[in-house]
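In the numbering used here, the protein residues as written are 22 to 193.
Put into structure tokens, the structure is as follows:
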């Protein structure tokens with residue numbers, strides 16, 4: 022069913038994110054590795070097709086990659102250093118923030134959103150990053166565009182419904 026497919030998709034994305042999360046939590050070794058290879062973290066993030074944005078503990082967007090702007094249709098100046106609530110109200114259909122859930126619960130959270138500008142659907146996985154005090158200092162959110170997957174899922178559902186109708190006609 023549609024719900025089962027979405028659940029499997031979310032579980033798969035969650036498994037994929039676990040590897041990413043381990044890397045984020047081990048910030049010291051990542052910085053050392055980046056310095057050793059002279060790779061700029063922003064160049065690396067811009068090479069990824071998934072959108073990435075970061076909020077601080079005050080819920081202000083502090084960083085993002087190019088794919089985030091592409092998926093959401095926003096210009097950087099429209100969201101950078103802005104409160105998350107303002108950005109959500111202006112640019113997204115959903116009014117809740119997965120990043121807020123991760124910030125409050127100190128746990129990874131996932132959800133689905135849609136951009137008002139691009140009308141793209143995306144899966145958001147928010148990863149809390151705790152400081153040495155154990156408090157969440159920032160949340161890294163990763164957006165995976167699922168617009169095509171959702172469209173294919175709708176097509177599959179329609180095809181299954183038509184097939185069922187054909188079977189019913191054949192049985193009469």
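The beta carbon of each residue, even a glycine, is placed where N, CA and C say it ideally should be.
All figures in this text were calculated on a predicted structure; none of them were measured in a lab.
Query - Strand pairing of residue 164, partner residues [DSSP] - result: 72, 145
Report task. Please report the Cβ distance between residue 72 and residue 164, rounded to the nearest whole angstrom; I am assuming they are in contact, meaning their Cβ atoms lie under 8 Å. Result -> 4 Å
Requested in this report: Tell me whether residue 152 is buried or exposed, calling it buried when 16 or more other Cβ atoms sit within 10 Å of its Cβ.
Outcome: exposed
Query raised in the report: When the distance is taken between beta carbons, is residue 185 closer than 7 Å to residue 75?
Result: no
Query raised in the report: In angstroms, rounded to a whole number, what distance separates the CA positions of residue 180 and residue 173?
Result: 10 Å
Query raised in the report: Is it true that the CB of residue 80 sits closer than 7 Å to the CB of residue 109?
Result: no
Query raised in the report: Just curious, the beta strand (DSSP E) that residue 83 is in, first and last residue?
Result: 82-85
Query raised in the report: What's the call for residue 177, buried or exposed, on a 16-neighbour Cβ count within 10 Å?
Result: exposed
Query raised in the report: Going by beta carbon distance, what residues of the same chain come within less than 7 Å of residue 114, once the five residues before and after it are set aside?
Result: 135, 137
Query raised in the report: If you run the structure through DSSP and keep just helix, strand and coil, what is residue 121?
Result: helix
Query raised in the report: When the Cα atoms are used, what is the spatial distance from residue 90 to residue 166?
Result: 12 Å
**Report entry** Exposure label - residue 146; buried when at least 16 CB within 10 Å
**Finding:** buried
Query - Contact check, residue 133 vs residue 148, beta carbons under 7 Å - result: no
Query - Per-residue DSSP class, three states only, for residue 77 - result: strand
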